[in-house]
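This report concerns only the one structure given below.
Protein chains in written order, with the working numbering: chain S, 2 to 339; chain Z, 10 to 608; chain W, 8 to 598.
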C-alpha cells in the first residue's frame, strides 16, 4: 500500500522547519519538498553579509543534502509548482509532471515587490532575495563604485551598511514608497536618516521616481521630481509580497497571501500555509496579518506541521509593536534589531 | 445534414486560388461544433467572426476587418476599447501551456484605427413593411435593435431620456477609456440607417407606456439599469458619499465633482474601477478600491487592474462596509473583515463577514459602486417584486402583446457586448412576429482550405502590450486624454500572427490513413489521439473520445480539434497526405423575403 | 591546466536524431583538441525502432577505454532516458525537455526519478527549435547548444561541425540546423547563468582539425584499400557488414570489386582463389560465419595459400548475441578446423592498430603463405576514436611474396623444404613454373602422398614456417617495467584498453602493477610472455569470454600465478572491475 504523501512547497526556513517537525511526528509519511530555486536551504538574512564578502558561501547554506537523506525527506530543487488542483489533490510542476498529494503545506515564501509604476524598469533594478541575486550583486560590485538604494525595507538597511563597510559609496533614497506598507512619517524618516548617516550612508529625499534610464554600460540615471541621480548600480528594496500568484485558480483562498486561520489551516482538509506566504486571520488581533522574517517563518512551519499531524496549536498573536497600513498588519518584530 | 451549396456571397480568402466547394449548414451538430472549433467566435455574444477579421489585418485588409466586425457587433471602435472580451477568456492561445490569449480586443481597435470607417450605411434587406416600432433607450441594446429593425424595413423611433444617445457608453464609461468622437461616429453610422432619435424624452414623465403601445406596432424596453444599488448601511446619505453611477454621469455631463483627497471606492465592477481612476484625475491623491472578496475574483481585465495600480490606486480586499461614520459629513467608513467562502460556478465569490473584526478607515469621499438595477416604470404587464416588468429572456416578450424587452433592463447589469447581442436578437424576434419571418439566421459555412501559411515560430511570439501614456503623471494632465494609444501597424501585424486561425479544421481521412502515427510523433501536444470510439450527444455532435493505448482496440486516429493549435505539422509529415484542411465559420445569412433561405 | 575525463551520453528514441547528435559531439570535441572515444548502444533491431544511446568519453589525455559512469546525460526522450539514470555519476549534468507535449504522472516521470544530487537543466527543446527554425525537428541540435553553454564548450566547434555535415544539403537545411543549435546555446547561457560553475566545465585546449573520427571497421576498410585490395568477397553478418558496405562504395573507384557471395564458405574459397592467383583479397565475418570457413582455412594452411580473414567477434555460441561484444572466438581462430593447422592470428587493440594490423596482414599472408586471421570484436569495430588519419608507407604495402629465384633449373618444387619453412611461391601462369597445390598431404613437388615420412616432414615444415613468423609479428608490449610486480595484468583485443586504464589507476595509488599487451595470438611469443609472468606474483587475465581462452593458451607458461577474470555481459570490459580485482588480489595478501 502506497504511503500517504505530504508535499511541502518551498525550501526556505518555514518549509524546512515544517519538514523536520513533520518527520519528528511520524516516520510513516512520504515527505516531499519542492523548491523553485536550485540553491540549497540558505539563511536569507545573511545575504547582505554574503554580498559584502563578510561570510562565505558555506556559511550561507544551512542544511547539507545528507541531512535530508538521513531523515528520509525527499527534496527536489530547481522545480517549480505552477498549478495546484485542490479537487483532484494534485499539483503540476513546470515540466508538466503531475504530483498527487494527500496533504499540502504551502511555504513558498515571498518575492521581491516592485511597485507597478516601476515594473517597466525592472531590468535596471537589482533585488536581493536569493543567492542568485547575491551573485549578480557580487559580479556588479566588482566594478561598481556608486550604489543607489531605492525603496527601503529591513534588508535594505543591513545591506546599505554592509556595502558601505566594503568601501563603496552608498546613497539611500527615501521616497513615498519607502518602507511600504508603512506610510513614511516624518519621525520614521528622521530616525532612519540618523541611523544610516551615522554608518556612512548618504541620504537623498525625493517624493517619487519618474523614470530610470541606462545612460551607458555602467551608469543608470534615475529621474525623480527633485532631480536626476546617476549611479553604477540601483538596488530595489521594496519589501516582500507573498509569492502566491500560481495559486490563484487553484480553489484556495488567496488575497495577498494564502488565507489561513490561527492554526495555519486553510479552508480545505489537510492543506496548510506557513511563513511569508501565509495571510493569517487571528481572532485576538481581529485582523489579517502577513508576517515577514525567518524566525516567524520557522515557527509557523513547525506549527503547521504539528497541526497537520493532529495538533491544535495556535500561532501567537503578533506583539503590539506592529505596523498597520493598507489594510494589512505587518509583524515586524525584527524591526527592533536594526 | 442540412446542406446548401451556394457560391458564397461572402468574399473568398484570396490565398485559396483554386475553386472550392462551399457548404452551409444549420444542423445542430455543426452549430455545436463551432463551439469546439472556434471558441472565440462562440464566446462572443454577437458571434463576431474573430479569426476572419484577424486574418484580414494580417493581410493588410483593414477596411474589410473593420467591416467584418461591424456586421456582427456594430461598434468596433467602441468595443475595441471597452469590451469585456469574453473571447479572450476562451482563446485557445490562452490555454495554460500555450501562453497568453491573442489581443483580440486590441486588434479590433486596430481595425477601427486603420480601416476606412467612412462607409455608407447598409441597404435595407426588405421593403418598407409599413410597421413602426418604438425603442425606449438609446444605449447599446436599443441602438443595436434599431439597426436590425431599420434594415428589416420597419419605421423605428428611439426615445432617449438623456440629452445624447449612447447610454452607458456615453454616460457611464469615462472619456479616458472611450473618446467621445469615436463613440459619436459609430452611433451616427447606426442612426444613419433611418431611425428617428428623440432625446430628452423620459418614459413615465414625458410619455407613457400605454400611449406608446397604442401608437406603435411594437415597443421595445431597452432602458438599461440606472438605479444605483444602495449599501443599506447607516450614514449612507451623508454628504461626501456618492453613488458610482451619479459620479460618472455627472462627470460625463460636464459637471466637475467635488472630491476630497482621500477617496474610498466601494465595489468590484467596471464602474468601481472607472470611478477610482476618475477620482485621481479630478484631484484626489489617495484613492483606494475596497473589495468584499479579493482582487483575484475581479471580472475586470488584468491589464486594467495593472494600469489602475500603476496609476497609484490601492486595491484592498476582504473588507465589507458596515457603517458610514460622520456627523455633518463623511469622516470615515467602518468595515468588517471578511472570509471567502465558496466560489460559485459563474465565477462569483461568496464571502462571510467576520464578527467583531470592525476597523475604521478615515476618508473624505466615498463612492459606492456595488451595482445597478432597472427602474420600475408605470404600465401594464407582469412585474417583479421591485416593479420592473418581467421579460422572458428567450423570447424577449413580456406578458403584454407587442411589449418586448432587451439588454440590461431585462437581465440586470451585464456587459456592452451582451447588450448589443441581446438587442439584435430581440429585434429578430420582433421582425419574426411582425413580418412573419426573420431576416437573418446563423449558419455554419464549410469550405475547403489550404494548410495555413502560418509559421510554427509565430506560436512563440509574445503578446503585444498596448502602449499607454507614460509616465503615469502625464495621464493626469487632462482627465479626458485617452490612456491607451492603440497598436502601431507593426504591432497589429505581429499580434495578428498569433491567432492560430481556429476556423481551420484539420481532419484525418481514416479510409486512407495507414496508422503510421508520424502525426502523433510531431504533434506539439495531445491533439491527435488513438481512439476506440467517439461519444455523440443527442443531436449527433461529437462530445468525447474513448482513447485507448491497446493497439488492437484502436479504430481510428483522430485529431481532437478542441486541442489542435492548427500548426499544420501533421499535414506536412503525413506520408499518404490523408489530412484535409477546411474552413469552418459561423456566418449570418440574410433570409430574403418569402421566408425560406433559398434551396 | 585542469584535466578532464567526461562521459557524455545522448539518449533518445529512434527518429530523435540521437546518433547524429552523438556523432556531432565526437567530432566537435575532437576538433576541440580532446581525445574522444565513442561507442553507441544499439537495440537488438538495428534500425527504425527502439532506444538509441550514444556514449562519448572525452578527455584532455588519451582515452583508452569506455567507463561505466556517465557525467552528462542529454535526454531526447525522457521515457527512454529513465533506463540510463542508474549510470549517472554523482553531480552529473542532466539536460532534458522541460515542456513536453503531454503531462506525465509523477510515477512515470523521468525528472521525479532523478536523485537529488544531479544537476538538472530543463530546456524547452521543441519550442526553442520551432521558434528558431520553424520546426521542432532540430531539437537534438538545440540540446547540443544547451550542452555547449552549460559545460563551457566553444560553440564554434559545433558550428563548424554542423557546417561540414550539412553544407551539401542546401542552404535551408543548414540554416535551420544552425538556428536550432544557436537557440539552445543562447537560451542556456541566459537561463543558467546563475548556475555557472556548478556543471563540469571543459577547458579550452588548442584546436586540432587534423584528427578524424574513425571506427574500427572504417579503419579496416581503409587499410584494405591502402593495401591495394583487388577483390572483396563476403556475406553480411553483424558486426562485419559495415566493412563490406564501405568497400562496396570505395573499392570500385580504385579498380577493385566487391562480390557478395552466397555464404561464408564460398567467400573464403574465393579469397583463397584470388590470392592463389596473386591478387590481394579479403573477407570479413563474425563467429558463426567464421566457423563455416574453418575447413577451407585449413585448406589454405595445407596448400600454403595466403588469405586475409577478419573475424569480428560477437556474443556466442551459435547465432548468440549479434549486437553484443565478446572475445570468444580465440580458440576457434587459433585451432579451428581439422588437423594440426597452425596459422597466424593477430588481434588489434584499438582503431589505429585495426588499420595497421590489417595492412600488415596482407604482407604476413603473402610472405608466410598462410591464412591470417585478424580478430576484432563488436566494440572495437563500432567504436570511434579520434586519431590522425593513418597512412601506410610503401614499404608496408608492397607485395611480400617470396618468389622463386630462378635457379631451380626447371625442377621447381612448390613445397620445397627450406631452413625457414617458407617455400618460394610461383604464381599460376608463371612460365616454367608448373606445380600442383592441393589440400591433400603432398610431397615437395605437390603430389599427394600419405606416407609417414612425408606427412611428418611436411607437418614439421609448416609449423616451423609459422613459428618463424614471430620475427615479423608485433611483440607483446610491456607497460610499466619493473623487476618485480605484485600483479601483472595481461590483456588482448579491445579489453587491453581497459587493462591499461585500470593499471594506471592502481599505480597512482602506489601499487606495483604492470600490464602486458599481447597482439600476436598465433604464434605466441611464449618466452617473452613467460618472462613477464615470472616477474609477477600474480598474473591477472581479464577477458570477455567465459572459458578464459587466452588464459588457456598461456596459463601453462607460469601455471601457479594465473588468475582469471571473465565477463560475458556483452558490454566492453569496465576498468573499474579490473581495478577492484587487482586491489582485491593485493589486499588478500597471498602475494
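Ideal Cβ positions, reconstructed from N, Cα and C, are used throughout, including at glycine.
So the candidates are the options; which of them puts its Cα closest to the Cα of residue i?
i                     : options                       : result
residue 195 (chain Z) : Z:186, Z:178, Z:183 and Z:285 : Z:178
residue 66 (chain S)  : S:241, S:34 and S:91          : S:34
residue 217 (chain Z) : Z:98, Z:235, Z:168 and Z:41   : Z:168
residue 418 (chain W) : W:266, W:394 and W:452        : W:452
residue 230 (chain Z) : Z:489, Z:385, Z:533 and Z:466 : Z:385
residue 47 (chain W)  : W:138, W:389, W:39 and W:108  : W:389
residue 9 (chain Z)   : Z:115, Z:56 and Z:76          : With chain Z covering 10 to 608 only, the question about residue 9 (chain Z) has no answer from this structure.
residue 519 (chain Z) : Z:503, Z:535, Z:509 and Z:539 : Z:539
residue 399 (chain W) : W:490, W:235, W:97 and W:21   : W:235
residue 44 (chain S)  : S:286, S:31, S:15 and S:30    : S:15
residue 155 (chain S) : S:129, S:213 and S:271        : S:129
residue 464 (chain Z) : W:140, W:114, W:71 and W:86   : W:140
residue 30 (chain Z)  : Z:458, Z:536, Z:475 and Z:582 : Z:458
Taking Cβ to Cβ, would you say residue i is nearer than 7 Å to residue j?
i                     : j                     : result
residue 204 (chain W) : residue 237 (chain W) : no
residue 225 (chain Z) : residue 141 (chain Z) : yes
residue 159 (chain W) : residue 208 (chain W) : yes
residue 509 (chain W) : residue 586 (chain W) : yes
residue 37 (chain W)  : residue 218 (chain W) : yes
residue 223 (chain Z) : residue 159 (chain Z) : no
residue 588 (chain Z) : residue 515 (chain Z) : yes
residue 153 (chain W) : residue 92 (chain W)  : no
residue 99 (chain W)  : residue 353 (chain W) : no
If contact means a Cβ-Cβ distance below 7 Å, which residues of the region 209-237 of chain S contact chain Z? 211 and 212
With a cut-off of 8 Å, do at least 3 Cβ pairs link the region 382-397 of chain W to the region 317-331 of chain W? yes
Scan the region 122-143 of chain W for residues whose Cβ lies nearer than 7 Å to a Cβ of chain S and list them as they occur along the chain. 123, 124, 127 and 129
Length-filtered (4 minimum) alpha helix (DSSP H) runs lying within the region 426-494 of chain W: 459-474
Quick check: the region 122-130 of chain Z against the region 432-446 of chain Z, are at least 3 beta-carbon pairs closer than 8 Å? no
Any residues in the region 141-167 of chain S with a beta carbon nearer than 9 Å to a beta carbon of chain W? Which ones, in chain order? none
Do the region 243-256 of chain Z and the region 315-333 of chain Z meet, that is, are 3 or more Cβ pairs less than 8 Å apart? yes
What are the residues of the region 116-128 of chain S that lie near chain Z, defined by any Cβ-Cβ distance shorter than 7 Å? 117 and 118
Contact residues within the region 90-111 of chain S, judged by C-beta distance below 8 Å to chain W: So the list reads 93, 94, 95, 96, 97, 98, 99, 100 and 101, given in the order they occur along the chain.
Could you check whether the region 280-296 of chain Z touches the region 319-331 of chain Z, counting it as contact only if at least three pairs of C-beta atoms, one from each stretch, sit closer than 8 Å? yes
Between the region 326-345 of chain W and chain S, which residues of the former have a C-beta closer than 8 Å to a C-beta of the latter? none
Validate contact between the region 16-27 of chain W and the region 555-565 of chain Z using beta carbons, cut 8 Å, 3 pairs: no
On the three-pair Cβ rule with 8 Å, is the region 349-360 of chain W touching the region 472-481 of chain W? yes
Which runs of the alpha helix (DSSP H) spanning at least 4 residues fall entirely within the region 422-452 of chain Z, listed in chain order? DSSP runs (the alpha helix (DSSP H)) wholly in the region 422-452 of chain Z: 425-444.
Would you mind listing the beta strand (DSSP E) stretches within the region 69-94 of chain S that are 3+ residues and don't spill past its ends, in chain order? 74-77, 82-86 and 91-94
What are the residues of the region 565-592 of chain Z that lie near chain W, defined by any Cβ-Cβ distance shorter than 7 Å? none
Alpha helix (DSSP H) segments (min. 4 residues) lying fully within the region 363-404 of chain W: 385-389 and 401-404
What are the start and end residues of each continuous beta strand (DSSP E) run of 3 or more residues lying completely inside the region 191-243 of chain S, in chain order? 203-206, 210-217, 220-225, 228-232, 234-238 and 241-243
At least three beta-carbon pairs within less than 8 Å, the region 84-98 of chain S to the region 244-257 of chain S: Taking a cut-off of 8 Å for Cβ pairs, the region 84-98 of chain S and the region 244-257 of chain S touch, as three or more such pairs fall below it.
Taking the runs of the alpha helix (DSSP H) that are 4 residues or longer, which of them lie wholly in the region 510-556 of chain Z? 527-531
For the region 454-474 of chain Z, which residues have a beta carbon sitting closer than 8 Å to at least one beta carbon of chain W? Hits within the stretch, in order: 464, 465, 466, 468 and 469.
Contact between the region 176-193 of chain Z and the region 257-268 of chain Z: three or more CB pairs below 8 Å? yes
Whole beta strand (DSSP E) runs in the region 67-117 of chain W with 3 or more residues, listed along the chain? 77-82 and 95-104
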